[in-house]
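2 protein chains.
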Amino acid sequence: MATTLPNWLKQRAFLTPDREAIRFEKESYTFGQLYEAAKKYAHYFASIGLQKGDFAAVLLKNKPTTIFIIHAFQQLGVPTVLLNHRLTAQELNFQLKDSHAKLLVCDDEFDSLSLQLPNDCQKVLLHQIDLTSTSSFRSEYDLDEICTIMYTSGTTGNPKGVKQSYGNHWWSAMGSSLNLGLYEQDIWLCAVPLFHISGYSILMRSVIYGMTVHLFEHFNEQKINELLVKGEGTIISVVSTMLQRLLHDQTEPYHSRFRCMLLGGGPAPKPLLEQCRDKGIPVFQTYGMTETASQIVTLPPEYSLEKLGSAGKPLFPVQIMIMEGEAILSPHKAGEIIVKGPNVTSGYLHREDANRESFKDGWFHTGDIGYLDEEGFLFVLDRRSDLIISGGENVYPAEIEATLLSHPQVEEAGVIGVKDEKWGEVPVAFLVAKQRAEKEELSHFCRERLAKFKTPKEFIYVEELPRNASKKLLRRELRAIFLKGERNEH
Amino acid sequence: MATTLPNWLKQRAFLTPDREAIRFEKESYTFGQLYEAAKKYAHYFASIGLQKGDFAAVLLKNKPTTIFIIHAFQQLGVPTVLLNHRLTAQELNFQLKDSHAKLLVCDDEFDSLSLQLPNDCQKVLLHQIDLTSTSSFRSEYDLDEICTIMYTSGTTGNPKGVKQSYGNHWWSAMGSSLNLGLYEQDIWLCAVPLFHISGYSILMRSVIYGMTVHLFEHFNEQKINELLVKGEGTIISVVSTMLQRLLHDQTEPYHSRFRCMLLGGGPAPKPLLEQCRDKGIPVFQTYGMTETASQIVTLPPEYSLEKLGSAGKPLFPVQIMIMEGEAILSPHKAGEIIVKGPNVTSGYLHREDANRESFKDGWFHTGDIGYLDEEGFLFVLDRRSDLIISGGENVYPAEIEATLLSHPQVEEAGVIGVKDEKWGEVPVAFLVAKQRAEKEELSHFCRERLAKFKTPKEFIYVEELPRNASKKLLRRELRAIFLKGERNEH
Numbered sequence: 001m002a003t004t005l006p007n008w009l010k011q012r013a014f015l016t017p018d019r020e021a022i023r024f025e026k027e028s029y030t031f032g033q034l035y036e037a038a039k040k041y042a043h044y045f046a047s048i049g050l051q052k053g054d055f056a057a058v059l060l061k062n063k064p065t066t067i068f069i070i071h072a073f074q075q076l077g078v079p080t081v082l083l084n085h086r087l088t089a090q091e092l093n094f095q096l097k098d099s100h101a102k103l104l105v106c107d108d109e110f111d112s113l114s115l116q117l118p119n120d121c122q123k124v125l126l127h128q129i130d131l132t133s134t135s136s137f138r139s140e141y142d143l144d145e146i147c148t149i150m151y152t153s154g155t156t157g158n159p160k161g162v163k164q165s166y167g168n169h170w171w172s173a174m175g176s177s178l179n180l181g182l183y184e185q186d187i188w189l190c191a192v193p194l195f196h197i198s199g200y201s202i203l204m205r206s207v208i209y210g211m212t213v214h215l216f217e218h219f220n221e222q223k224i225n226e227l228l229v230k231g232e233g234t235i236i237s238v239v240s241t242m243l244q245r246l247l248h249d250q251t252e253p254y255h256s257r258f259r260c261m262l263l264g265g266g267p268a269p270k271p272l273l274e275q276c277r278d279k280g281i282p283v284f285q286t287y288g289m290t291e292t293a294s295q296i297v298t299l300p301p302e303y304s305l306e307k308l309g310s311a312g313k314p315l316f317p318v319q320i321m322i323m324e325g326e327a328i329l330s331p332h333k334a335g336e337i338i339v340k341g342p343n344v345t346s347g348y349l350h351r352e353d354a355n356r357e358s359f360k361d362g363w364f365h366t367g368d369i370g371y372l373d374e375e376g377f378l379f380v381l382d383r384r385s386d387l388i389i390s391g392g393e394n395v396y397p398a399e400i401e402a403t404l405l406s407h408p409q410v411e412e413a414g415v416i417g418v419k420d421e422k423w424g425e426v427p428v429a430f431l432v433a434k435q436r437a438e439k440e441e442l443s444h445f446c447r448e449r450l451a452k453f454k455t456p457k458e459f460i461y462v463e464e465l466p467r468n469a470s471k472k473l474l475r476r477e478l479r480a481i482f483l484k485g486e487r488n489e490h
Numbered sequence: 001m002a003t004t005l006p007n008w009l010k011q012r013a014f015l016t017p018d019r020e021a022i023r024f025e026k027e028s029y030t031f032g033q034l035y036e037a038a039k040k041y042a043h044y045f046a047s048i049g050l051q052k053g054d055f056a057a058v059l060l061k062n063k064p065t066t067i068f069i070i071h072a073f074q075q076l077g078v079p080t081v082l083l084n085h086r087l088t089a090q091e092l093n094f095q096l097k098d099s100h101a102k103l104l105v106c107d108d109e110f111d112s113l114s115l116q117l118p119n120d121c122q123k124v125l126l127h128q129i130d131l132t133s134t135s136s137f138r139s140e141y142d143l144d145e146i147c148t149i150m151y152t153s154g155t156t157g158n159p160k161g162v163k164q165s166y167g168n169h170w171w172s173a174m175g176s177s178l179n180l181g182l183y184e185q186d187i188w189l190c191a192v193p194l195f196h197i198s199g200y201s202i203l204m205r206s207v208i209y210g211m212t213v214h215l216f217e218h219f220n221e222q223k224i225n226e227l228l229v230k231g232e233g234t235i236i237s238v239v240s241t242m243l244q245r246l247l248h249d250q251t252e253p254y255h256s257r258f259r260c261m262l263l264g265g266g267p268a269p270k271p272l273l274e275q276c277r278d279k280g281i282p283v284f285q286t287y288g289m290t291e292t293a294s295q296i297v298t299l300p301p302e303y304s305l306e307k308l309g310s311a312g313k314p315l316f317p318v319q320i321m322i323m324e325g326e327a328i329l330s331p332h333k334a335g336e337i338i339v340k341g342p343n344v345t346s347g348y349l350h351r352e353d354a355n356r357e358s359f360k361d362g363w364f365h366t367g368d369i370g371y372l373d374e375e376g377f378l379f380v381l382d383r384r385s386d387l388i389i390s391g392g393e394n395v396y397p398a399e400i401e402a403t404l405l406s407h408p409q410v411e412e413a414g415v416i417g418v419k420d421e422k423w424g425e426v427p428v429a430f431l432v433a434k435q436r437a438e439k440e441e442l443s444h445f446c447r448e449r450l451a452k453f454k455t456p457k458e459f460i461y462v463e464e465l466p467r468n469a470s471k472k473l474l475r476r477e478l479r480a481i482f483l484k485g486e487r488n489e490h
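Residue numbers (full-length UniProt numbering), protein chains in the order written: chain C, 1 to 490; chain B, 1 to 490.
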């Protein structure tokens, strides 16, 4: 039987109407005001024909209006497709079409993008929205209902839309609070994009917990440090590059109320963790993904050096195993990380084949490689085998390779991530050419079709790509070639 | 689809094996030790034939062994029937038979009770249990599965066994933490019986939150005050009589870590609340019942005087309405309190008729009378119309009346609760006699058939009982008669 809960925002506005929900620059909104705003937007969207069961996409930057619209869609029972505004028009067109979105809500500045809307999809720019009236909508949420769609690329093929239900978000919020606790004074700083699960999940926690979220359009280390020193933020979600920038800028110790630096996006380098320990900064490393509605494994600060490189233990509602084929592996044996829990997606939108492959007996096969130690701490070795994490964005080599292969002069392509001081990692392409193209030409070609962070920073021509007996590309060997080249250069 | 979670105790022992789970007198157990103990007991119970789907009853006082056995049954997938050891043999016999219990585990001291076990029910005394081996059992709990049975009496008929699922306990723990918060240093003092939902729910929270429970066999105000002054308890569950005894005994202010006096069992008198305010004691008044797996409505301290007499607003996952017949009533109109939420029982064991009456469209009709004010605060006027709460125990007039009517010399009987300094309320009986029996004889007659706290403290003979046109007993008028009598006496 599906569990129903009261409409979260309505319930929160009823229970604690005057508590602060959102801070953004000089603005502040209570939960009562947030609910009123969401109802006005919902009334408008209903008036232009949006109805329960339709999907609606948003291409919006981090700001309060984005939050109002996200909640407005929830009032209507309309799943939100969260578009990454760093993608190209071509990438966005794919997601709009694939999700069957009936509506696209855009920041005015994105109007210039040459989007090809599906025939039955209307576009609304923020300035066109008319908020003269208000209505109340549903009184309950069904935990099995789809709340959001976020696209993620796998190792092969097109990006897939991850179906995240209300229940996935609810259980994620519960798992997080059982691990991190829940304090009356909590304020969660959100300087990560709302179109990523790292940002969106903070919005859900805010309404469920009755907690203030302090939202930022961009990450700015000076502003964040100022708040952490004053104790006007108790938790913040970051990736390594953000943490590095915070430490570099920091001149005063953080306030004792600051209790959690939640660090996602891959294992952090030891010197960074040592610096945090010396400064008394409580770093919680975490492993999670769009399919698990954010964190699924977290390492508390007391283990951050002892268990260096580990992502920690599962959150309370979650189980983890390491498998190879049909076999469950024993500690210290590396294999595929598989996970189970009520925060895990029920599958990809319109992708029955991928679902059959990734979901078996209630377990989700992540495609990531790792092992458990004898105490059950997870060590992630490779994300989706070859995932590149660049400035907190997931970059899949296969997607870039497919783009490069569509260039008429490219015969074969292999992409790897290489270390980068600013972004953590950046993509580098190895090419076998039919006829060598200029690197500027290749860069321009990619930039037209891929987001900037996916465009390779280097193009290296080789005679052949390293492959195994079954012709599978050996990206590890590309890494070795790259490192050798680097050593020869310097 | 039913939600499955990892076996709570196993997961907790895996995540935080060395954290303290239980304190009791000079004993202390970690979650790792608790899990090991539960597995040993589970192995023993399995070895004597207990298996998944069987029901097992416990007649045990508050002590660590009771907790081990409760968790052992959960390892086996055996619902626990929690027997109140203050009941008479006759009352216990009913519950054993009604629940189809296959096993009764008893404190040795209760061996002398003349229990009539059902034919296929075996009895085990604690000293007979043999803990030489251990086994691991299930890795998951299904939230729809029955975890516990607790008996509760309605206004009519026999007591009914409330089916409490793992999900009911889980959602109750979530609702409580979303309201009260979840602090790393929390220690919940449990001086209420584990066979009541008030006590049992603390055990569930302990394992789910990873929180220490400090257990007491009996409530002792000196011991509790000592801990609260030292800050060795942050939350405690009490009823009014316990709170009164604590205040009476208190000489030093409580530690700042003490953050919640959770006060159940009916509205508290104003002078008591004023005293708490003056002493800075954070009282959270609460309304809940066996059917809602503990708290469902809670009033935070900042409202305790402003909203005097209110039980507060619902917990986050819960909805409340006031109904009369088919009509939903507007604010300040009194009617039946109906509730909905994932912590609410799916129904009574083997009582299809009662279930049809009490559960409609997912809403549970509590039988309690109350109203909501314009802000949504609940005011409870009458619990189950005429429920008497004596020292935290629910006493149903109808049950006592039925017993009195079985006496050959009693023609009619009406029972009400009257104020009592020590117990809050005590039952008093009004009788129309065929032939007047001695009061000692009536008291003895009741004492053989009813728990001591249910035995009327006074028996008052009257010519006739006040009844309405349809001959329904008017207990309110009995109260008026009693008060008039009291005034005449003094």
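A virtual CB, placed ideally from N, CA and C, is assigned to each residue, including glycine.
Note that the coordinates shown come from a computational prediction; the quantities given were computed from them, not determined experimentally.
Could you list which residues in chain B have their beta carbon closer than 8 Å to that of I227(C), in chain order? Here residue 227(C) turns out to be Leu, not Ile, going by the sequence shown. Going along chain B, no residue has its Cβ under 8 Å from L227(C), so there is no contact; the nearest lies around 22 Å.
If the cut-off is 8 Å on Cβ atoms, which residues from the region 172–192 of chain C count as contacting chain B, listed in chain order? Correct list: M174, S177, L178, G181, L182, Y183 and E184.
Whole alpha helix (DSSP H) runs in the region 259–336 of chain C with 4 or more residues, listed along the chain? Entirely contained in the region 259–336 of chain C, the alpha helix (DSSP H) runs reaching 4 residues are, in chain order, 270–279.
Check the Cβ-Cβ distances between residue 491(B) and every residue of chain C, and say whether any is below 9 Å. Look at the range of chain B in this structure, 1 to 490, and you will see that residue 491(B) is not part of it.
Would you please verify whether the beta carbon of K313(C) is less than 9 Å from any beta carbon of chain B? Chain B, which has a Cβ nearer than 9 Å to the Cβ of K313(C), makes this yes.
Do T16(C) and K163(C) have their beta-carbon atoms positioned less than 9 Å apart in this structure? The criterion of a C-beta distance shorter than 9 Å is not satisfied by K163(C) and T16(C).
Cβ separation of Q122(B) and L103(B), assumed to be a contact under 8 Å, to the nearest whole Å: A Cβ-Cβ separation of about 6 Å places Q122(B) in contact with L103(B) under the 8 Å criterion.
What's the C-alpha gap between R447(B) and A173(B)? For R447(B) and A173(B), the distance between alpha carbons rounds to 37 Å.
Label D373(B) either buried or exposed according to how many other C-beta atoms from any shown protein chain fall within 10 Å of its C-beta, with 16 as the threshold for buried. By the 16-neighbour rule on beta-carbons within 10 angstroms, D373(B) is exposed.
Same chain, Cβ closer than 6 Å to L113(C), five either side skipped, listed in chain order: Result list for L113(C): A89, in chain order.
V462(B) lies in the alpha helix (DSSP H); which residues open and close that run? Here V462(B) belongs to no alpha helix (DSSP H), and DSSP marks it neither H nor E.
What are the residues that DSSP puts in a beta bridge with C190(B)? Answer is L215(B).
C-alpha distance - S47(C) paired with A13(C), whole-angstrom precision: Between S47(C) and A13(C), the C-alpha separation is close to 24 Å.
Between the alpha carbons of R277(B) and E252(B), how many angstroms are there, rounded? Straight-line spacing of the CA atoms in R277(B) and E252(B) works out to 15 Å.
Beta-carbon proximity list for F216(B), same chain, < 8 Å, skipping 5 on both sides: F24, N62, L189, C190, A191, K223 and I224, listed in sequence order.
Starting from H169(B), trace the alpha helix (DSSP H) both ways and give me its first and last residue. Taken as a continuous stretch (DSSP letters only), the alpha helix (DSSP H) holding H169(B) covers Y166 to L180.
Look up P466(C) in the DSSP assignment and say whether it is helix, strand or coil. Per DSSP, reduced to three states, the secondary structure at P466(C) is coil, with no helix or strand assignment.
With a CB to CB cut of under 8 Å and the five nearest residues on each side skipped, what residues in its chain are close to L143(B)? A2, T3, T4, L5, S165, Y166, G167 and W170.
Span separating the alpha-carbon of I67(B) from that of E411(B): Their Cα atoms are separated by approximately 46 Å.
Cβ pair count under 8 Å reaching 3, the region 117–133 of chain C against the region 25–45 of chain C: Output reads yes: the region 25–45 of chain C touches the region 117–133 of chain C.
Using beta-carbon positions only, say whether I389(B) and V380(B) come within less than 9 Å of one another. Inclusion of I389(B) and V380(B) in the CB contact set at 9 Å is not warranted, their separation being larger than that value.
Taking Cβ positions, are L308(C) and K270(C) nearer each other than 9 Å? Yes, the Cβ-Cβ distance between L308(C) and K270(C) is below 9 Å.
CA-to-CA distance, S310(C) to F219(B), given in whole angstroms: Spanning the two alpha carbons is a distance of roughly 45 Å.
Is the CB of V339(C) under 9 Å away from at least one CB in chain B? So no, V339(C) is outside the interface.
Measuring only between beta-carbons, confirm whether P342(B) sits less than 9 Å from chain C. Judged by the 9 Å Cβ criterion, P342(B) is in contact with chain C.
Starting from the N-terminal side, write out each stretch of the alpha helix (DSSP H) that is 4 residues or longer and does not extend beyond the region 378–436 of chain B. Entirely contained in the region 378–436 of chain B, the alpha helix (DSSP H) runs reaching 4 residues are, in chain order, 397–405.
Could you give the DSSP three-state label for F73(B): helix, strand or coil? Looking at F73(B) - three-state DSSP - the assignment turns out to be helix.
Can you pull the chain B residues whose beta carbon is under 8 Å from the beta carbon of Y209(C), in chain order? Ordered by position in chain B, the residues that pass the 8 Å Cβ test against Y209(C) are L178.
Does DSSP put L60(B) in a helix, a strand or coil? Here L60(B) sits in coil by DSSP.
Should K39(B) go down as buried or exposed, given a rule of 16 or more other Cβ atoms within 10 Å for buried? Answer is buried; the Cβ neighbour count reaches 16.
Residue burial classification, A398(B) (beta-carbon count within 10 angstroms, cutoff 16): Burial call: buried.
Determine the DSSP secondary structure at S206(B), reduced to helix, strand or coil. Looking at S206(B) - three-state DSSP - the assignment turns out to be helix.
Give the single residue among H214(B), L315(B) and L474(B) whose Cα lies nearest to the Cα of K26(B). Selected option, being the one with the closest Cα: H214(B).
How is L125(C) classed by DSSP in three states: helix, strand or coil? Three-state DSSP puts L125(C) in a strand.
Among D120(C), D108(C), V81(C) and R257(C), which one has its Cα closest to the Cα of G49(C)? Distance from the Cα of G49(C) is smallest, within the candidate group D120(C), D108(C), V81(C) and R257(C), for D120(C).
With a threshold of 7 Å on Cβ separation, who are the neighbours of R19(B) within its own chain once the five nearest residues in sequence on each side are excluded? Leaving aside the five residues that flank R19(B) on each side, the residues in its chain whose CB is nearer than 7 Å to its CB run, in chain order, T30, F31 and G210.
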